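Written below as structure tokens is the structure these notes are about.
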Amino acid sequence: MYAFSYHSPKTVRQAATLLGKNPDAKVLAGGQTLLPTMKQRLASPSALVDLGKAEGLSGIEVKGRNVVIGAMTRHADVATSAVVGEAIPALAALAGGIGDPAVRNRGTIGGSIANNDPAADYPSAVLALNATIITNKRKIPADQFFQGMFSTALEEGEVIVKVSFPIPSKAAYEKFPNPASRYAMVGVFVAKKGSETRVAVTGAGSDGVFRSAELEAALKARFNPKSLDGVKVKASGLNSDIHASSEYRAHLIPVIAKRAVAKATAK
Amino acid sequence: MASVTMIVNGKEVTANVDPRTLLAQFLREHLHLTGTHVGCDTSQCGACVVHVDGRSIKSCTTLAVACEGASVTTIEGIGTPEHLHPMQAAFRENHGLQCGFCTPGMIMSAIDIVNRKGHQLDEHTIREELEGNICRCTGYHNIVKAVAAGAQAMAAK
Ligand code: FES
Ligand code: FES
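As you go down the protein sequences, you meet chains A and B in turn.
Under numbering that gives the first Met the number 0, the first residue of the first sequence carries the number 0, and numbering increases by one thereafter.
Under numbering that gives the first Met the number 0, the first residue of the second sequence carries the number 0, and numbering increases by one thereafter.
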């Protein structure tokens with residue numbers, strides 16, 4: 000790791016000021032991606048602004064028909080939250096499947112979303128549930144937030160404060176993890192709210208998380224696993240790497256989507 | 000340099016550290032608590048697991064300065080050679096270790112599992128929950144047995 004100066008602001012406002020003063024500073028949330036990246040010297044920020052002590056950034060509450068989760072809320076807390084388990088069980092299950100228990104005790108929802116790793120789980124939930132990302136400056140709809148892998152709508156000095164998830168009528172997440180790394184080779188989050196059905200795919204797109212028009216169209220008439228019979232997804236725009244070819248991922252997407260819909264419609 | 004104060008195994012410690020010091024490094028090199036091991040340094044193996052404010056974390060992937068004000072428990076803080084923690088005793092009884100390199104992390108993770116999931120742990124739960132701990136020599140069979148036995152022993156304590 001290269002040297003950096005360390006800052007531990009007590010408020011988001013202080014954090015924003017620090018970020019403004021240090022143009023190549025990075026925000027440290029749970030650090031479960033940033034620290035490994037810095038250890039490999041793939042990132043060398045001159046300053047780290049740690050949000051760990053900034054107040055008002057963690058916690059879970061229901062506000063109207065939304066579940067609102069503070070940016071510094073740890074994966075383990077979302078996974079075991081009675082509120083999330085009741086309102087959006089698919090989101091609790093997703094959080095409980097990230098990394099391993101020790102990683103879930105550090106990693107945060109805000110960090111995962113801001114990083115927008117193409118194989119991360121959370122971005123698919125944010126996109127499929129049509130969440131709103133609330134920053135220290137504005138509210139950003141999920142459809143505008145993710146802008147290609149490792150890239151988001153966040154501007155310099157902008158910090159995620161919380162994420163607001165509309166409560167769906169049905170939702171589920173399924174992933175096909177790489178057997179070694181356990182990262183999603185394909186992960187599909189399906190959500191139905193009123194007459195709208197949204198399907199977000201992570202792990203597969205060469206540009207990061209995306210909504211699948213083919214699958215959404217197939218599920219629009221009837222939100223049922225059978226609706227996905229014979230539905231094909233194009234391999235263009237999907238990742239080919241040592242783990243799987245784009246054709247293989249294209250095949251996996253409807254298979255995993257079908258499992259997700261089956262899970263969402265069970266019980 | 001940055002100053003950091005935390006409680007380690009019940010004792011308050013204050014030190015001046017380079018901000019890039021990892022918690023694992025801080026424990027081993029500054030406090031000479033070498034029971035916490037670094038196996039991979041890339042968050043995979045779990046040899047470095049310690050408890051911070053009662054929750055298991057990977058100390059190779061946490062900055063020491065981020066633990067300001069926290070209470071840290073390492074393998075040295077749970078038992079002594081004369082009075083092993085029930086989970087340590089269970090690993091010994093069940094032959095849950097060979098070289099012992101992974102054991103401190105296994106035991107800290109195991110205690111965390113019991114704290115979260117209770118004392119009656121089935122094999123499936125234990126295997127799932129040990130996802131972040133890798134053992135390169137014992138094989139997991141006896142480790143799983145040890146965790147189940149240790150969990151029950153902790154109830155009796
Ligand atoms: S040394 Fe920390 S997980 Fe391996
Ligand atoms: S006992 Fe040797 S690595 Fe586990």
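Beta carbons are placed, not taken as given, at the ideal position from N, Cα and C, and that holds for glycine.
Computed from a prediction, not measured in an experiment: that's the story for all the values here.
The chain-ordered list of residues whose CB is nearer than 5 Å to some heavy atom of ligand 2 reads L96/B, Q97/B, C98/B, F100/B, C101/B, C134/B, R135/B, C136/B and T137/B.
Look at the region 59-109 of chain B and you find these whole runs of beta strand (DSSP E), each 3 residues long or longer: 70-72. Counting only the Cα atoms, A243/A lies some 36 Å from S45/A. Of the candidates P117/A, G186/A, L34/A and S180/A, the residue whose Cα lies closest to the Cα of G207/A is P117/A. Annotation for P140/A: the continuous beta strand (DSSP E) segment containing it runs K138 to P140. The residues K57, C59 and T60, in chain order, have a CB closer than 7 Å to that of S42/B in the same chain once the five nearest residues on each side in sequence are set aside. Relative to ligand 1, even the nearest heavy atom lies 8 Å or more away from the CB of Q24/B. Residues of chain B with a Cβ closer than 9 Å to the Cβ of L34/A are, in chain order, L21, S42, C59, T60, T61 and L62. Taking a beta-carbon distance threshold of 9 Å, Q13/A does not count as an interface residue toward chain B. Taking a 10 Å sphere around the C-beta of T33/B, we find fewer than 16 other C-beta atoms and assign the residue as exposed. D111/B has its Cβ no nearer than 8 Å to any heavy atom of ligand 1.
Within 8 Å of the C-beta of C66/B there is not a single heavy atom belonging to ligand 1. Around the beta carbon of G68/B, fewer than 16 other beta carbons sit within 10 angstroms, so the residue counts as exposed.
Here the alpha carbons of Q13/A and V64/B stand approximately 18 Å from one another.
Comparing alpha-carbon positions, the option among C136/B, M153/B and T102/B lying closest to K116/B turns out to be M153/B. The Cβ atoms of S108/B and V48/B sit closer than 9 Å to each other. Rounded to the nearest whole angstrom, the C-alpha separation of G78/B and Q87/B is 8 Å.
With respect to N129/A, A190/A sits close: the two C-beta atoms are nearer than 9 Å.
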